[in-house]
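Inspection log for the structure reproduced underneath, given as structure tokens.
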Amino acid sequence: MKFTAAELGKLLNGAVEGNPEAVVSAVSKIEDAQEGALTFVANPKYASFLYTTKASIVIVSKDLLLEKPVESTLIRVSDPYSAFSVLLEMYSSSKLNKTGREEPCFVSPSAEIGENCYIGAFSYIGQNVRLGNNVKVFPQVYIGDNCVVGDDSVLYAGVKIYSDCLIGKRVIIHSSTVIGSDGFGFAPQADGSYSKISQIGNVVIGDDVEIGSNNSIDRATMGSTVIKQGVKLDNLIQIAHNVEIGKNTVIASQTGISGSTKIGENSVIGGQVGVVGHISLAKGTQINAKSGVSKSITEEGKQWNGSPALGFRESLRIQAVYRRLPELENKITQLEKQLRQQTGGESDGEA
Amino acid sequence: MKFTAAELGKLLNGAVEGNPEAVVSAVSKIEDAQEGALTFVANPKYASFLYTTKASIVIVSKDLLLEKPVESTLIRVSDPYSAFSVLLEMYSSSKLNKTGREEPCFVSPSAEIGENCYIGAFSYIGQNVRLGNNVKVFPQVYIGDNCVVGDDSVLYAGVKIYSDCLIGKRVIIHSSTVIGSDGFGFAPQADGSYSKISQIGNVVIGDDVEIGSNNSIDRATMGSTVIKQGVKLDNLIQIAHNVEIGKNTVIASQTGISGSTKIGENSVIGGQVGVVGHISLAKGTQINAKSGVSKSITEEGKQWNGSPALGFRESLRIQAVYRRLPELENKITQLEKQLRQQTGGESDGEA
Amino acid sequence: MKFTAAELGKLLNGAVEGNPEAVVSAVSKIEDAQEGALTFVANPKYASFLYTTKASIVIVSKDLLLEKPVESTLIRVSDPYSAFSVLLEMYSSSKLNKTGREEPCFVSPSAEIGENCYIGAFSYIGQNVRLGNNVKVFPQVYIGDNCVVGDDSVLYAGVKIYSDCLIGKRVIIHSSTVIGSDGFGFAPQADGSYSKISQIGNVVIGDDVEIGSNNSIDRATMGSTVIKQGVKLDNLIQIAHNVEIGKNTVIASQTGISGSTKIGENSVIGGQVGVVGHISLAKGTQINAKSGVSKSITEEGKQWNGSPALGFRESLRIQAVYRRLPELENKITQLEKQLRQQTGGESDGEA
Chain A
4 MKFTAAELGK LLNGAVEGNP EAVVSAVSKI EDAQEGALTF VANPKYASFL YTTKASIVIV
64 SKDLLLEKPV ESTLIRVSDP YSAFSVLLEM YSSSKLNKTG REEPCFVSPS AEIGENCYIG
124 AFSYIGQNVR LGNNVKVFPQ VYIGDNCVVG DDSVLYAGVK IYSDCLIGKR VIIHSSTVIG
184 SDGFGFAPQA DGSYSKISQI GNVVIGDDVE IGSNNSIDRA TMGSTVIKQG VKLDNLIQIA
244 HNVEIGKNTV IASQTGISGS TKIGENSVIG GQVGVVGHIS LAKGTQINAK SGVSKSITEE
304 GKQWNGSPAL GFRESLRIQA VYRRLPELEN KITQLEKQLR QQTGGESDGE A
Chain B
4 MKFTAAELGK LLNGAVEGNP EAVVSAVSKI EDAQEGALTF VANPKYASFL YTTKASIVIV
64 SKDLLLEKPV ESTLIRVSDP YSAFSVLLEM YSSSKLNKTG REEPCFVSPS AEIGENCYIG
124 AFSYIGQNVR LGNNVKVFPQ VYIGDNCVVG DDSVLYAGVK IYSDCLIGKR VIIHSSTVIG
184 SDGFGFAPQA DGSYSKISQI GNVVIGDDVE IGSNNSIDRA TMGSTVIKQG VKLDNLIQIA
244 HNVEIGKNTV IASQTGISGS TKIGENSVIG GQVGVVGHIS LAKGTQINAK SGVSKSITEE
304 GKQWNGSPAL GFRESLRIQA VYRRLPELEN KITQLEKQLR QQTGGESDGE A
Chain C
4 MKFTAAELGK LLNGAVEGNP EAVVSAVSKI EDAQEGALTF VANPKYASFL YTTKASIVIV
64 SKDLLLEKPV ESTLIRVSDP YSAFSVLLEM YSSSKLNKTG REEPCFVSPS AEIGENCYIG
124 AFSYIGQNVR LGNNVKVFPQ VYIGDNCVVG DDSVLYAGVK IYSDCLIGKR VIIHSSTVIG
184 SDGFGFAPQA DGSYSKISQI GNVVIGDDVE IGSNNSIDRA TMGSTVIKQG VKLDNLIQIA
244 HNVEIGKNTV IASQTGISGS TKIGENSVIG GQVGVVGHIS LAKGTQINAK SGVSKSITEE
304 GKQWNGSPAL GFRESLRIQA VYRRLPELEN KITQLEKQLR QQTGGESDGE A
């Protein structure tokens with residue numbers, strides 16, 4: 004993306020002050036901005052940066068009074084924050100405006116592709132796959148047989164979706180994430196080896212879900228692993244077979260949810276958390292980073308911490324004492340000594 | 004996969020009761036089954052679901068007596084569970100019945116490809132690679148120079164295997180897993196920088212191993228990182244250079260095994276466990292989820308928990324006291340107070 | 004790689020003793036060496052292995068006196084360790100000597116490719132990408148629009164780099180690592196759903212950085228996520244948006260650094276560590292494996308342990324008491340009992 008001040012002025016219906024040929028190719032916070040960057044000042048608190056910034060173009064309020072000369076080209080608009088947001092949105096969506104097929108790609112003749120889709124080079128669309136309208140499939144994506152991907156979804160480079168999975172509308176999935184790999188199910192045999200249990204279910208992902216990079220979301224043994232509408236998953240997360248993540252739940256990086264567990268809607272789960280299998284967490288549950296949850300949580304909207312997880316306040320109280328453990332041990336030793344001396348003293352007294 | 008009741012009846016040598024044209028394209032548990040699903044009732048406990056299920060076809064015992072009319076089409080067989088298992092197996096293997104090469108794929112002229120192999124589009128088979136018979140290489144797989152993959156192995160979409168690695172027979176590796184990346188070895192230099200130590204070993208994977216998605220299994224510095232026969236690895240696992248995982252050991256998701264450590268055979272390691280480098284764990288060791296193992300374990304078949312890991316029972320005993328820490332601190336304060344009062348009281352008495 | 008003893012002798016300027024036609028295709032430690040392996044003896048401590056090793060060729064000192072006959076072919080040189088190192092280096096770099104384009108690959112007409120580059124099959128080079136000289140792009144790599152990759156860098160199979168990221172010189176990135184995926188930023192809405200915050204920054208990676216496999220390094224919301232010169236990252240690491248990792252810092256596997264945190268240079272962070280967002284760690288900070296860091300660290304060069312992390316010695320002292328908790332509780336119970344008895348006894352005495 005490259006824009007001149009003149010182009011941006013026209014786009015934002017603003018007045019250019021300075022060099023109309025100034026060019027920007029990046030956006031920055033004003034305190035970090037370098038040459039070639041576009042930035043803005045909405046909050047008067049940041050206005051002082053105007054006189055030192057290296058930004059090539061700054062969007063400012065039409066009412067801003069300058070205290071000294073500035074080097075950057077200014078674009079004066081009535082609401083700088085809104086104007087900047089409009090540009091950000093344009094910038095982001097400009098990265099998703101590709102359409103058509105880049106060759107070579109592999110599209111099964113039985114696949115149905117909606118209108119206005121992009122299929123990047125080296126992507127693979129299996130048999131009977133259905134892509135909605137405006138789906139963006141970046142290069143090197145794999146979509147197995149019989150999958151469905153809803154309108155306006157984006158699959159970034161290298162996403163792998165095994166056969167029979169259903170992806171909703173406006174879903175975003177980041178690179179190297181795997182959807183629908185086999186659940187981890189094995190039956191122990193008499194000789195100490197394990198025999199694989201067929202994993203014949205699928206994964207069903209609701210609308211408006213965003214899934215970060217390098218996630219592993221396993222298919223159900225039978226039935227579906229379900230990620231409900233509006234769920235947001237960070238990177239490197241493990242979702243085991245037959246898990247169900249409730250609507251609008253947010254999970255941070257490197258957390259793992261074990262098999263058949265159900266997470267209630269509007270929950271917030273921190274990073275590096277582990278949740279054991281076959282339990283349920285109530286709606287609105289909040290789990291602190293690094294916690295280990297080993298039992299069902301039935302009370303809604305409560306915060307948990309630690310491994311094994313305890314109520315948040317209780318856990319903090321215990322942690323505080325934990326840090327004083329050496330001191331506590333000293334006190335006990337002291338008490339024992341005192342009591343021994345006392346007993347000894349009394350004996351002496353009695354003698 | 005789509006089957007009519009008539010086809011399934013013939014396949015299973017069963018009697019169709021109801022609409023022979025009923026069609027199924029999925030399999031489900033009876034309590035979850037929707038229209039278009041095939042399910043079964045083996046356990047009489049579940050027979051009541053027969054009268055409410057939306058499944059299109061249900062496999063039941065030839066001896067089952069109906070208490071009321073059912074909407075699903077029934078297929079009566081002598082052993083419903085076995086019949087269903089046969090279908091599952093058929094269903095699973097039907098996904099692996101592709102053969103031949105999908106174009107474009109890259110197969111080095113020096114590679115030797117066995118009979119009945121599938122090489123998916125955009126897969127890369129390097130120089131001197133040898134694939135056994137019936138190997139299934141899904142799209143976008145990378146197999147570096149000189150690798151060997153044994154008969155009947157399956158590499159799912161996007162698996163990456165660096166050069167010189169050896170993969171056994173009937174091995175399954177899931178998407179985005181990396182085999183043979185460089186071990187993490189650097190020599191600190193006087194100026195604070197690090198110099199790379201060449202990692203010239205490989206990875207050797209035994210027969211009947213299954214490896215989940217997004218695993219990282221590093222090549223040895225010299226010699227081999229070894230995953231022995233029958234090992235099952237879940238997703239997002241780190242296996243560092245020169246590690247050795249014993250036969251039939253099972254490791255759950257997000258666990259990391261540090262460099263040169265040896266895990267004994269038939270061990271069971273939970274999720275999010277960390278094991279330090281250069282130690283050995285005895286045969287049949289069981290490590291609870293989230294534990295940290297920092298010392299060798301010599302006693303076989305013992306269960307460990309916590310970080311640093313302690314014997315399981317000991318660890319539970321300590322955790323129980325840990326939860327009572329604030330109460331314990333109160334008791335100590337109370338004891339101190341009593342003792343102070345007592346001493347004070349005695350003084351008074353003596354006065 | 005295959006060499007005969009005659010070829011190696013010539014290469015190393017050494018004298019061949021035994022069969023000049025002996026062939027090696029692998030390198031090993033002498034205690035592990037099998038037929039077809041090349042190894043060496045530099046330390047006299049290992050000389051005894053000479054008489055039992057199955058290695059086909061062993062590099063030894065020209066001065067070594069044999070105590071009994073050996074089966075391996077020997078190559079006598081003045082410094083066996085140096086000679087072996089030379090071979091290792093040759094072996095490693097021989098894997099990186101490919102040049103040119105393997106077809107099919109996708110190279111945008113607007114991309115600039117330096118001299119002596121390798122672009123593997125199924126790789127994708129986006130618009131306006133600039134690759135320096137001698138860059139090795141293995142198969143199935145994705146480099147988004149406007150990225151820059153410096154001279155002598157290596158991107159292994161399946162690396163994914165989103166648009167606008169800058170990669171330095173001599174950088175090595177291993178398979179399935181994702182650079183520049185969207186940061187995890189969402190604004191909570193009144194109805195419980197989340198609205199995506201555009202992530203329009205990039206990732207900037209300095210010279211001499213090595214990044215393992217399956218890492219997720221998110222782009223900044225605005226500005227850059229920065230990995231400075233000489234940083235070494237192991238596998239499966241999460242680096243969130245706007246993080247800054249200082250020069251020559253080393254981070255072990257499965258660690259996560261949350262958004263906007265700054266890690267000082269020359270730090271060493273163990274595996275499975277979690278660091279919260281918006282904090283700073285001083286230069287030379289050392290964090291033990293599995294720790295959780297929730298506050299800024301201002302003192303340089305200090306070692307930390309535990310979750311929440313405490314000073315290393317303090318943490319060990321506390322852990323030692325932690326293990327004695329049941330014993331401590333017994334002592335308290337004992338003290339309470341004694342005090343009760345004493346009070347009781349005194350009462351008796353007073354009666």
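Residue numbers (this note's numbering), protein chains in the order written: chain A, 4 to 354; chain B, 4 to 354; chain C, 4 to 354. By construction, the Cβ of each residue, glycine as well, lies at the ideal position given by its N, Cα and C atoms. The structure displayed is predicted, hence computed values, not measured ones.
Check, Outcome
"In chain C, which residues lie less than 8 Å from residue 279/B when you measure between Cβ atoms?", "292"
"With a cut-off of 8 Å, do at least 3 Cβ pairs link the region 200 to 219 of chain C to the region 103 to 113 of chain A?", "no"
"Along the chain, where does the beta strand (DSSP E) that runs through residue 79/B open and close?", "76 to 80"
"Under 8 Å between the Cβ atoms of residue 143/C and residue 315/B?", "no"
"Going by DSSP in three states, residue 368/B sits in which element: helix, strand or coil?", "Absent from the model: residue 368/B. The displayed extent of chain B is 4 to 354, so no value can be given."
"Beta-carbon of residue 43/A versus every beta-carbon of chain C: anything under 8 Å?", "no"
"Whole angstroms are fine: how far does the CA of residue 269/B sit from the CA of residue 117/C?", "52 Å"
"Taking 7 Å as the line, does the beta carbon of residue 125/B fall inside it for any heavy atom of the ligand MN?", "With respect to the ligand MN, the structure shown offers nothing to examine, as it has no ligands at all."
"In the DSSP output, which residue or residues are listed as bridge partners for residue 289/B?", "271/B, 306/B"
"At what residues does the beta strand (DSSP E) containing residue 239/A begin and finish?", "From DSSP, residue 239/A is part of no beta strand (DSSP E); its letter is neither H nor E."
"For the region 170 to 198 of chain A, list every residue whose C-beta sits within 7 Å of some C-beta in chain B, in sequence order.", "179, 181, 184, 185, 187, 189, 195, 196, 197"
"I'd like to know whether the C-beta of residue 119/A is nearer than 8 Å to at least one C-beta of chain B.", "no"
"Rounded to whole angstroms, what is the Cα-Cα separation between residue 154/B and residue 29/A?", "52 Å"
"What does a CB cutoff of less than 6 Å around residue 90/B pick up in its chain, not counting 5 residues either side in sequence?", "none"
"For residue 228/B versus residue 245/B, is the C-beta distance shorter than 8 Å?", "yes"
"In chain A, what lies closer than 7 Å to residue 229/C by C-beta?", "What residue 229/C touches in chain A: nothing, since even the nearest Cβ is about 11 Å away."
"Kindly say whether residue 340/C, judged by its beta-carbon, lies nearer than 8 Å to any beta-carbon of chain B.", "no"
"Chain C partners of residue 113/B, CB-CB under 8 Å?", "In chain order: nothing, as chain C lies at least about 13 Å away."
"When the Cβ atoms of the region 295 to 305 of chain B are set against those of the region 320 to 327 of chain B, are three or more pairs found closer than 8 Å?", "no"
"Take every Cβ of the region 47 to 54 of chain B, pair it with every Cβ of the region 5 to 20 of chain B, and state whether three or more of those distances are shorter than 8 Å.", "no"
"Taking the C-alpha atoms as reference points, what is the distance between residue 341/B and residue 328/B?", "20 Å"
"Does DSSP put residue 91/C in a helix, a strand or coil?", "helix"
"Just to confirm, is the Cβ distance from residue 156/A to residue 172/A under 8 Å?", "yes"
"Rounded to a whole number of angstroms, what is the C-alpha to C-alpha distance between residue 354/C and residue 293/B?", "Below a pLDDT of 50, predicted positions are generally treated as unreliable, and residue 354/C, at 35, falls in that range; no measurement from the model is reported."
"Let me know if residue 114/C comes out buried or exposed under the rule of 16 or more other beta-carbons within 10 Å of its beta-carbon.", "buried"
"Given that a residue counts as buried once 16 or more other Cβ atoms are within 10 Å of its Cβ, and exposed if not, what is residue 165/C?", "buried"
"Identify which residue in 150/B, 147/B, 120/B has its Cα closest to the Cα of residue 140/B.", "120/B"
"Considering only the beta carbon of each residue, do residue 266/C and residue 220/C sit closer than 8 Å?", "no"
"For residue 192/A, which residues of its own chain have a beta-carbon under 6 Å away from its beta-carbon, when the five flanking residues on both sides are left out?", "198"
"Thinking C-alpha only, which one of 53/B, 64/B, 295/B, 77/B is nearest residue 26/B?", "77/B"
"Residues of chain C with CB closer than 8 Å to the CB of residue 325/A, please, in chain order.", "321, 325"
"Who pairs with residue 6/B in a beta bridge, going by DSSP?", "27/B"
"Using only CA atoms, which one of 194/C, 223/C, 200/C, 104/C lies nearest to residue 206/C?", "223/C"
"What did DSSP end up calling residue 229/C once you bin it into helix, strand or coil?", "strand"
"Using a Cβ-Cβ cut-off of less than 9 Å, list which residues of the region 24 to 35 of chain B approach chain A; keep chain order.", "28, 29, 30, 31, 32, 35"
"Can you pull the chain B neighbours of residue 237/C, defined as C-beta to C-beta under 7 Å?", "187"
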